[in-house]
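Undergrad:
Numbering (our numbering), first residue to last: 6 to 358.
#1: Between the Cα of residue 154 and the Cα atoms of 245, 146, 192, which residue gives the shortest distance?
#2: Since residue 312 and residue 178 should fall inside the 8 Å C-beta cutoff, what is the C-beta to C-beta distance between them, to a whole number of angstroms?
#3: Answer with buried or exposed for residue 41, where buried requires no fewer than 16 other C-beta atoms within 10 angstroms of its C-beta.
#4: Fully enclosed by the stretch 135-194, which beta strand (DSSP E) runs are 3 residues long or longer?
#5: Which value, in whole angstroms, describes the spacing of the CA atoms of residue 174 and residue 320?
#6: In whole angstroms, what is the alpha-carbon distance linking residue 214 and residue 195?
#7: Can you give the Cα-Cα distance for residue 249 and residue 224, rounded to whole angstroms?
#8: Among 323, 309, 357, which has the Cα closest to the Cα of residue 122?
#9: What are the partner residues of residue 69, as DSSP defines its beta bridges?
#10: To the nearest angstrom, how far is the alpha carbon of residue 346 from that of residue 222?
#11: With a Cβ-Cβ cutoff of 8 Å, do residue 359 and residue 157 count as a contact?
#12: By the three-class DSSP mapping on this structure, what secondary structure does residue 18 have?
#13: Where do the ends of the alpha helix (DSSP H) carrying residue 3 lie?
#14: On the DSSP bridge assignment, give the partners of residue 209 in chain order.
#15: Taking all protein chains shown into account, do 16 or more other C-beta atoms lie within 10 angstroms of the C-beta of residue 354, making it buried, or fewer, making it exposed?
#16: Is residue 54 closer than 8 Å to residue 94 when the C-beta atoms are compared?
#17: Is DSSP giving residue 250 helix, strand or coil here?
#18: Do residue 83 and residue 34 come within 8 Å of each other at the CB atom, strictly closer than that value?
#19: From residue 238 to residue 230, what does the alpha carbon distance come to, in whole angstroms?
#20: Going by beta carbon distance, what residues of the same chain come within less than 7 Å of residue 282, once the five residues before and after it are set aside?
#21: Between residue 16 and the rest of its own chain, which residues show a CB-CB distance below 8 Å, the 5 nearest in sequence each way excluded?
#22: Can you find the residues in the same chain that come closer than 7 Å, C-beta to C-beta, to residue 49, ignoring five residues on each side of it along the sequence?
#23: Given that a residue counts as buried once 16 or more other Cβ atoms are within 10 Å of its Cβ, and exposed if not, what is residue 182?
#24: With distance defined between alpha-carbon atoms, name the residue in 184, 169, 119 nearest to residue 190.
#25: If the criterion is Cβ atoms closer than 8 Å, does the pair residue 278 and residue 187 meet it?
#26: Taking DSSP as the reference, what is the three-state secondary structure of residue 364?
#27: Count the other C-beta atoms from every protein chain shown that fall within 10 angstroms of the C-beta of residue 10, then say buried if there are 16 or more, exposed otherwise.
#28: Anyone know if the C-beta pair for residue 99 and residue 85 falls short of 8 Å?
#29: Could you check what DSSP says for residue 125 in three-state terms: helix, strand or coil?
#30: Of the choices 56, 159, 243, 228, whose alpha-carbon is the least far from that of residue 307?
#31: Who are the Cβ neighbours of residue 136 in its own chain at under 7 Å, not counting the five residues just before and after it?
#32: Which residues in the same chain as residue 314 place their Cβ atom closer than 7 Å to its Cβ, once the five residues preceding and following it in sequence are excluded?
#33: Is the distance from the Cβ of residue 360 to the Cβ of residue 305 below 8 Å?
#34: For residue 91 versus residue 129, is the C-beta distance shorter than 8 Å?
#35: Could you name the residues of the same chain whose beta carbon sits closer than 6 Å to that of residue 124, not counting the 5 residues immediately before and after it, in chain order?
#36: Under 8 Å, do residue 27 and residue 120 count as touching if we go by C-beta distance?
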């Protein structure tokens, strides 16, 4: 069933469908929909699943999300590690994961769904992602898709949809790519994307750095590296991290790491600024010079998980000003990691009316 097929179906109970915003990301999935108290309920979980066997019945079962990553770090599967479901197997696994999350949180089926999509020329992956949404239980009232950066910027401009009527530039600092674009009253202009720098690469460098800093006594997995980054990285006053591992043969080994986390994060920021100032802005200026001037009159909006690092926005602004020799402002939503789903949910609310 296609997105168009789903849009033709009426609401199931004759009432107004519920507006739902969805981001199925390579690392995390976020779903936003109205809460009973009138606010917005947000589901945020890792986009992963793990297969295991019931020891009594021998039945194959699955764990999903954060529980899967915590309980089965050796076998957990992230079906969207590349950003989009390229193959039929990835699509099936993503759909299996997504349906399980929807069912476990009782996301309303009678809903208008707006889901976000990354910048990509991968038409098959985009189509497969749309199929995952369309074949899920939700979205009986309609399904639409919007650019992730646009939806992520919406909460940064206010409590409504002010971003749709604004000309601005944005960067999405995701797990697999860095994306940039200007937006002209909702229209995406001069989109730019690079995989040369990514949040996943930061995690891999943390693994290598921890091993080097502890003289190969400590080896961590990719999920632990991500947790170190998310919980401890900070430009506002990083403190060395002390942790404990269980050693082979018994006993516990306490270790402290200093630069293993912040060195890759700082290198990431340096590279992001270099690409934005040295590649994206010249590309935008060459194609839409007046749009660039209007866009830079507004703050550049950062979204994505890396923008959650304390002090990242302020440090990015300082480096960007030095790189372009102009008083550019940089901002971010309060929660850059969940902002795309929040923005998508606001658009869905407008579509319901």
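Built from N, CA and C at the ideal position, the CB exists for glycine as well.
TA: Well, looking at it:
#1: When C-alpha distances from residue 154 are compared across 245, 146, 192, the shortest belongs to 192.
#2: The C-beta separation of residue 312 from residue 178 comes to about 5 Å, placing the pair in contact by the 8 Å criterion.
#3: Residue environment for residue 41: exposed (fewer than 16 other C-beta atoms within 10 angstroms of its C-beta).
#4: Correct list: 147-152, 172-178, 183-189.
#5: The alpha-carbon atoms of residue 174 and residue 320 are separated by roughly 18 Å.
#6: Across the structure, residue 214 and residue 195 are spaced so that their CA atoms are roughly 36 Å apart.
#7: Approximately 12 Å, taken between the alpha carbons.
#8: When 323, 309, 357 are compared, the shortest CA-CA separation from residue 122 is found for 309.
#9: Residue pairing for residue 69: DSSP places it in a beta bridge opposite 54.
#10: The straight-line gap from Cα to Cα measures roughly 41 Å.
#11: Absent from the model: residue 359. The displayed extent of the chain is 6 to 358, so no value can be given.
#12: With a pLDDT of 47 at residue 18, under the threshold of 50, the modelled position of that residue is not reliable, and the figure given next carries that caveat. Residue state, collapsed to three classes: coil.
#13: Here the chain has residues from 6 to 358 only, and residue 3 is not among them.
#14: None, per the DSSP bridge assignment.
#15: Residue 354 comes out buried.
#16: No, the Cβ-Cβ distance between residue 94 and residue 54 is not below 8 Å.
#17: Assignment of residue 250 by DSSP, reduced to helix, strand and coil, places it in the strand class.
#18: Residue 34 places its beta carbon 8 Å or farther from that of residue 83.
#19: Cα to Cα, residue 238 sits roughly 11 Å from residue 230.
#20: Excluding residues within five positions, the ones whose Cβ falls inside 7 Å are 325, 328, 329.
#21: For residue 16, the pLDDT reaches just 40, beneath the cut-off of 50, and the residue's location in the model is therefore unreliable, although a value from the coordinates is still provided. 22, 115, 145, 146.
#22: Scanning its chain for C-beta atoms nearer than 7 Å, with the 5 sequence neighbours on each side dropped, one finds around residue 49 the residues 33, 35, 343, in chain order.
#23: Taking a 10 Å sphere around the C-beta of residue 182, we find 16 or more other C-beta atoms and assign the residue as buried.
#24: Measuring C-alpha to C-alpha distances from residue 190 to each of 184, 169, 119 identifies 169 as the nearest.
#25: Taking C-beta atoms as the reference points, residue 278 and residue 187 fail to come closer than 8 Å.
#26: No information on residue 364 is available, as it lies outside the stretch 6 to 358 that the chain covers here.
#27: Low per-residue confidence applies at residue 10: pLDDT is 33, beneath 50, and the placement is therefore not dependable, though the value from the model is reported in the following sentence. Burial call: exposed.
#28: The Cβ-Cβ distance between residue 99 and residue 85 falls below 8 Å.
#29: The DSSP-derived three-state label of residue 125 is coil.
#30: That would be 159, whose Cα lies nearest to the Cα of residue 307.
#31: Close CB contacts of residue 136 within its chain, under the 7 Å cut and outside five residues either way in sequence, are with 96 (chain order).
#32: In chain order, 238, 239, 240, 270 place their CB closer than 7 Å to the CB of residue 314, counting only its own chain and leaving out the 5 sequence neighbours on each side.
#33: What the structure shows of the chain is the stretch from 6 to 358, and residue 360 is not part of that stretch, so it cannot be assessed.
#34: Going by C-beta atoms, residue 91 is nearer than 8 Å to residue 129.
#35: So the list reads 184, 196, 198, once near-sequence residues are dropped.
#36: Closer than 8 Å, so yes.
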